[in-house]
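Protein sequence lines, in the order shown, are assigned to chains A and B. Going by the numbering used here, the letters in the first sequence line up with residues 119 to 231, in that order. Going by the numbering used here, the letters in the second sequence line up with residues 85 to 196, in that order. The beta-carbon is built from N, C-alpha and C at its ideal position, and this holds for glycine as well.
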Amino acid sequence: GENVEQHPSTLSVQEGDSAVIKCTYSDSASNYFPWYKQELGKRPQLIIDIRSNVGEKKDQRIAVTLNKTAKHFSLHITETQPEDSAVYFCAATTGWGNYQLIWGAGTKLIIKP
Amino acid sequence: EADIYQTPRYLVIGTGKKITLECSQTMGHDKMYWYQQDPGMELHLIHYSYGVNSTEKGDLSSESTVSRIRTEHFPLTLESARPSHTSQYLCASSDQGGEKLFFGSGTQLSVL
């Protein structure tokens with residue numbers, strides 16, 4: 119079955135610097151890759167997603183890139199701010215018709231002032 | 085406002101008690117899910133439903149049960165709570181495609 123590996127488990131960056139979180143997936147049939155952000159004590163929320171027919175997608179300071187050949191996708195956050203501190207989860211779809219999301223283990227992003 | 089509502093927000097109970105965690109959504113979604121998550125840790129799927137009278141077990145073995153009698157309601161029941169059940173339980177729903185999930189605020193369960 120599908121497996122999603124996420125690295126690093128913890129990432130600490132200086133405020134204003136960029137942060138990159140990487141995920142690899144095993145099922146070449148996966149075609150949808152979302153990223154969720156979970157702030158401390160809050161619910162996970164979708165922040166950006168990408169489909170397999172697109173190589174890159176941007177939304178203000180966040181972007182996601184997809185390399186189908188290598189089967190990995192990455193979240194990029196530029197000009198990090200304190201409010202970016204959270205746990206970030208990647209996921210990939212599996213199955214046919216009724217899709218299921220397979221989740222990465224999460225990355226705790228710490229923004230240092 | 086369309087949302088997913090979970091009650092209670094926090095629950096502390098003794099070992100052996102039967103509990104039901106409530107989840108209701110006004111999103112108009114057919115698919116609903118229950119996840120178990122320790123704070124800031126992995127999301128483990130324990131149950132899901134594709135619609136009324138449909139329930140399936142997830143990847144994580146769980147001693148809980150669920151029911152789906154109404155589209156908007158997806159309660160989770162523990163017949164006999166144990167300290168190992170202490171965790172946060174997140175309910176979620178998704179549209180027909182099943183890709184974009186919307187989560188409730190969660191129930192933090194502590195079993196003493």
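Cross-chain neighbours of residue i in chain B, by beta carbon under 8 angstroms
i	result
A/R161	L174, F187, G188, S189, G190
A/V205	G124
Contact with chain A by residue i, beta-carbon distance below 8 angstroms
i	result
B/M125	yes
B/K101	no
B/G41	This structure leaves residue 41 of chain B out entirely; chain B is present only between 85 and 196.
Distance between beta carbons of residue j and residue i, contact taken as under 8 angstroms
i	j	result
B/L105	B/P167	Not confirmed; about 17 angstroms, so no contact.
B/T91	B/E156	The pair is not a contact, with the Cβ atoms about 14 angstroms apart (cut-off 8 angstroms).
B/L129	B/G142	3 angstroms
A/C208	A/L193	7 angstroms
B/S108	B/Y94	With a Cβ gap of about 18 angstroms, B/S108 and B/Y94 do not count as contacting.
B/L162	B/S148	5 angstroms
A/S130	A/K230	6 angstroms
A/A204	A/F151	Contact flag wrong, Cβ pair sits at about 18 angstroms.
Exposed unless 16 or more other CB atoms sit within 10 angstroms - verdict on residue i
i	result
A/I228	exposed
A/D202	buried
A/P200	exposed
B/A86	exposed
B/E133	According to the sequence as given, residue 133 of chain B is Ser; it is not Glu. Burial call: buried.
A/Q163	exposed
A/E157	exposed
B/R152	buried
B/S138	exposed
A/S148	buried
B/L196	exposed
A/T198	buried
Per-residue contacts from residue i into chain B (C-beta, under 7 angstroms)
i	result
A/W221	E126, L127
A/T211	E183
A/K226	G124
Cutoff 8 angstroms: residue i Cβ touching any chain B Cβ
i	result
A/L164	yes
A/Y143	no
A/P152	yes
Proximal chain B residues relative to residue i, where beta-carbon distance stays under 9 angstroms
i	result
A/G173	Per Cβ cutoff of 9 angstroms: no residues; A/G173 is ~19 angstroms from chain B at best.
Check your understanding: Looking at chain A, which residues of the region 131-148 of chain B have a Cβ within less than 8 angstroms of any of its Cβ atoms?
Key -> Y132, Y134
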